[in-house]
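Undergrad:
Protein chains in written order, with the working numbering: chain V, 433 to 828; chain R, 125 to 623.
#1: Measuring only between beta-carbons, confirm whether residue 156(R) sits less than 8 Å from chain C.
#2: Taking the C-alpha atoms as reference points, what is the distance between residue 462(V) and residue 512(V)?
#3: Going by C-alpha to C-alpha distance, which of 628(V), 509(V), 541(V) and 810(V) sits closest to residue 477(V)?
#4: How many angstroms separate the CA atom of residue 290(R) from the CA atom of residue 446(R)?
#5: At 8 Å on the CB atoms, spell out the chain R contacts of residue 747(V), in chain order.
#6: Short of 8 Å in beta carbon distance, which residues of its chain neighbour residue 565(V), apart from the five on each side in sequence? Order them along the chain.
#7: Rounded to whole angstroms, how far is the Cβ of residue 591(V) from the Cβ of residue 663(V), which I believe are closer than 8 Å?
#8: What did DSSP end up calling residue 126(R) once you bin it into helix, strand or coil?
#9: Is there at least one Cβ from chain V nearer than 8 Å to residue 175(R)'s Cβ?
#10: Since residue 551(R) contacts residue 569(R) with CB under 8 Å, what's their CB separation in whole angstroms?
#11: Could you compute how far the alpha carbon of residue 126(R) sits from the alpha carbon of residue 799(V)?
#12: Where does residue 271(R) land, buried or exposed, given buried means 16+ other C-beta within 10 angstroms?
#13: Start and end of the beta strand (DSSP E) containing residue 384(R)?
#14: Going along chain R, which residues have a C-beta under 7 Å from residue 455(V)?
#15: Taking only three categories from DSSP, how would you classify residue 612(R)?
#16: Could you check what DSSP says for residue 623(R) in three-state terms: helix, strand or coil?
#17: Which residue or residues does DSSP assign as beta-bridge partners of residue 568(R)?
#18: Is residue 126(R) close to chain V? Criterion is C-beta to C-beta, closer than 8 Å.
#19: When the Cα of residue 669(V) is compared with those of 496(V), 794(V) and 488(V), which residue comes out closest?
#20: Does the beta-carbon distance from residue 693(V) to residue 636(V) come in below 8 Å?
#21: Three or more C-beta pairs closer than 8 Å, one from the region 463 to 470 of chain V and one from the region 140 to 152 of chain R: is that the case here?
#22: Roughly how many whole angstroms lie between the Cα atoms of residue 654(V) and residue 674(V)?
#23: So is residue 602(V) in contact with chain R if we call contact Cβ pairs under 8 Å?
#24: Residue 472(R) CB to nearest chain V CB: under 8 Å?
#25: State yes or no: is the beta carbon of residue 623(R) nearer than 8 Å to at least one beta carbon in chain V?
#26: Taking 8 Å as the cut-off, does the region 482 to 497 of chain R touch the region 547 to 566 of chain R (at least 3 CB pairs, one atom from each stretch)?
#27: Looking at residue 391(R) and residue 377(R), is the spacing between their C-beta atoms short of 8 Å?
#28: Name the chain V residues whose beta carbon is nearer than 8 Å to that of residue 165(R)?
#29: Only counting the same chain, and skipping five residues up and downstream in sequence, which positions put a Cβ closer than 8 Å to that of residue 498(V)?
#30: Identify the continuous alpha helix (DSSP H) that holds residue 646(V) and give its terminal residues.
#31: In angstroms, rounded to a whole number, what distance separates the CA positions of residue 623(R) and residue 604(R)?
#32: Residue range of the beta strand (DSSP E) that residue 499(R) falls in?
#33: Where do the ends of the beta strand (DSSP E) carrying residue 201(R) lie?
#34: Mind checking which residues open and close the beta strand (DSSP E) that includes residue 513(R)?
#35: Do the CB positions of residue 384(R) and residue 429(R) come within less than 8 Å of each other?
#36: Quick check: residue 178(R) and residue 137(R), are their CB atoms within less than 8 Å of each other?
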């Protein structure tokens, strides 16, 4: 066995056995990939069992790297695992399938085992410093602030708004809505001086060196501009800034990260924002995996929805939503768009069962696949921030 | 003998199923060899299939079996792979037929209160759908969140709340079954899919349940549904000694309360296990040596009345009610309790990841105390032999409204990271001894999991007596070429006799 694989198996050995030994596999039926493919090789428990097999010399990373594409990083499996539910708090040994998947992908890349879509995507991202979000859309540093044209936002300052690539180049009405709402509330913030991709997706696909390089650039840029606080509207960025960056920079990382959804709920609670324009829609809410499942943020989006007059809100409880996902995360749409589409169809089907006309999300990355699936069922997919802007009477 | 599959077979399977549904990768095969049963992980590679197929219909399963039968290739069906008796583990290589894609809900019949589903569906997922109609499919094994209907048929599983609604054998009304030759039959009571009683002919439904994949593959099943219970009551009671708890559980089971869904008796070792660092379990005073819980399901007014009666009975026998919060929490956690590898302890008390292995039997109420002592002695011997083993205590569940016999299980933790041939041999020996105790007390080796694992399987012919010879005759008649799950239940003997 090559040394890096040996070290890897050693590091993940106990975690893998904790899953392997836990008998029944409750994660399987909540896994979005498993739900649509029914292929057990792509289940969270198989991802752990493979490590046991690697440790026993039965498998090498090259044998399994392609299997590990089939994960959106949603984290449902971790929540459903009896190890997390029962002993995680006591031993701090909660099941960490998402990290394991990232680690295997990283190991594969470090061994020169690439997935063609991911390799191409990371090359392009490295070239342009931003993710190639849409074919033909000019994606580069020169255009990263185009979304804010005419909003008259300053650059730099103590608080800045970080806008992910999808929202900055494609879903531009989302950051525009956020900016207008914050202006309305009198909340001061600026834009980044030179904003690169957060590096999170590269890290998820196993391209760790690139991810760290991008992170370093962004942190340097923040420090140079005296930034103390970063507002984040994208759940994926929120994970990257609160989990990856502290891992890269350790104690030296002293930036406060604020999730926009939480901030907006607070502003409504304090009476600094009062939604008043009725929005006549029958909606349900799609909990973005990285908010509900990974970060436990599920109350605030509901608070915002309940504050909007005119809405009929058919909620699905957050625990049921553990088994929902848009399929848009973890690099899956880059390598297996057809699988992302299936997962989105499955999600929209659940919404359709509630008799709604609109599915509200709070994650720019979920909206493209969900909208695609929604069209087939005449269900609108709208962003929570945009919906709030509408009810506050501030057009994007 | 491992059958090496040549390319023509692979090509033909790809034609039948589509290339993406024929898996040959090593990880695909390793992951289809694995179940939570006692598993010699150090010899994992010996249990691998040659390939895996993922059919989507009864017809595809039939074609695969026809091909396998004509070429004498072993076939092992796999559903959830959560069985505790190795049914889904290939012993001779061959083809694993993984039915998880056959998971559609074909019909929900609100008037006759049945539904027809592909056997690859999970009961929890099914219940999410039928809950909208106010209905429930009440099959409730420990593996409820991930086992599949087909696996429940293949193992004829027992269910925790079966005293109220019936077990898998009662809840599955009928099903399509692919015979080893590829022929498709429909078994159930009567010709209709939704008949529950029939005295016409042999009772074939039961023959094709619990065969552990040795007689074919179930693909589409019609299930009996019930009104989703309006109320649930699950009181937990503490006792200062096992004998009082034992008397109480018997009295509860014999009370004849209509909403009674089951009762569970936890012995001292089990209480100790539950106390281990498990924050969801609210600590009990050290004087608590045994626990009993009962579960009732039904309408609010009938559950409340039945509950009062059971609470009265328990109190009169020295029970201390643990309160609503503990009771409801512990009952809600019943499926997750088993799978906590960090409850493993070496003799010095070191925490190590052990897996839960459950040895079960059906034991008459009067024999429970004697079996309990004999079984713990065997567990104690294992523990003295090696740190690989831990005694996680015993459960006894009522097995029917009468409470005549109980599903009785002892749970053994096994530290798989340290398994080697010697430890594995000790384990197999222990299982044989546990089964022997069962037979010596007039019980059945297994009440719900099946008994085809190494060790205990040796005693199956003893338990069945002349019935085992009939089993051999049936196997030979239905599976002339011994392709279905060969090696299980010692059924190779059927073919040795023939030659």
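Where is the CB? At the ideal position from N, CA and C, for every residue including glycine.
TA: This is what the structure holds:
#1: As a matter of chain content, chain C is missing from the structure shown, whose protein chains are V and R.
#2: Their backbone Cα atoms lie some 8 Å apart in a straight line.
#3: It is 509(V).
#4: Between residue 290(R) and residue 446(R), the C-alpha separation is close to 28 Å.
#5: Near residue 747(V) there are no residues of chain R at all, since even the closest Cβ is about 15 Å away, more than 8 Å.
#6: Cβ neighbours of residue 565(V) beyond the five flanking positions: 571, 597, 598, 601 and 602.
#7: That belief holds up - the Cβ atoms of residue 591(V) and residue 663(V) are roughly 6 Å apart, short of 8 Å.
#8: Residue placement at residue 126(R) is poorly supported in this model, since its pLDDT is 49, which falls under 50; the coordinates are not used for a value here.
#9: Chain V places no beta carbon closer than 8 Å to that of residue 175(R), leaving this residue out of the contacts.
#10: With 8 Å as the limit, residue 551(R) and residue 569(R) do not qualify as a contact, their Cβ atoms being about 16 Å apart.
#11: Low per-residue confidence applies at residue 126(R): pLDDT is 49, beneath 50, and the placement is therefore not dependable enough to give any value.
#12: With 16 or more other Cβ atoms within 10 Å, it is buried.
#13: Looking at the DSSP string, the run of the beta strand (DSSP E) that includes residue 384(R) is 384 to 390.
#14: Within chain R, the C-beta atoms nearer than 7 Å to that of residue 455(V) come from 160, 462, 463, 479 and 480, in chain order.
#15: For residue 612(R), the three-state secondary structure derived from DSSP is helix.
#16: Reliability of the predicted coordinates at residue 623(R) is poor, the pLDDT of 48 falling under 50, and no value is obtained from them.
#17: Answer by DSSP bridge pairing, in chain order: 486(R).
#18: Residue confidence for residue 126(R) is low, a pLDDT of 49 falling below 50, so the modelled location carries little weight; the figure read from the coordinates is stated next. For residue 126(R), the answer is no, since every Cβ of chain V falls outside 8 Å of its Cβ.
#19: Per the Cα distances, 794(V).
#20: No, Cβ-Cβ distance for residue 693(V) and residue 636(V) is not below 8 Å.
#21: The region 463 to 470 of chain V, when compared against the region 140 to 152 of chain R, does not touch it at the 8 Å Cβ threshold.
#22: Each residue's alpha carbon lies about 15 Å from the other.
#23: Under the Cβ distance rule, residue 602(V) does not count among the residues neighbouring chain R, no pair being separated by less than 8 Å.
#24: Chain V contact via Cβ: absent.
#25: Unreliable positioning characterises residue 623(R) in this predicted model, as indicated by a pLDDT of 48, which lies under 50. A coordinate reading is not provided.
#26: Contact between the region 547 to 566 of chain R and the region 482 to 497 of chain R is present, because at least three Cβ pairs lie under 8 Å.
#27: No, these two residues do not count as a Cβ contact at 8 Å.
#28: Ordered by position in chain V, the residues that pass the 8 Å Cβ test against residue 165(R) are 452, 484 and 488.
#29: Contacts found: 547.
#30: Counting along the chain, the unbroken alpha helix (DSSP H) around residue 646(V) starts and ends at 640 to 656.
#31: Low confidence applies to residue 623(R): its pLDDT is 48, below 50, so where it sits in the model is not reliable, and the reading given next is rough at best. About 12 Å.
#32: First-last for residue 499(R): 492 to 509, but that is the alpha helix (DSSP H), not the beta strand (DSSP E).
#33: Per DSSP, the unbroken beta strand (DSSP E) holding residue 201(R) starts and ends at 199 to 202.
#34: Run containing residue 513(R): 513 to 522, per the beta strand (DSSP E) assignment.
#35: At the C-beta level, residue 384(R) and residue 429(R) stay beyond 8 Å of one another.
#36: No, Cβ-Cβ distance for residue 178(R) and residue 137(R) is not below 8 Å.
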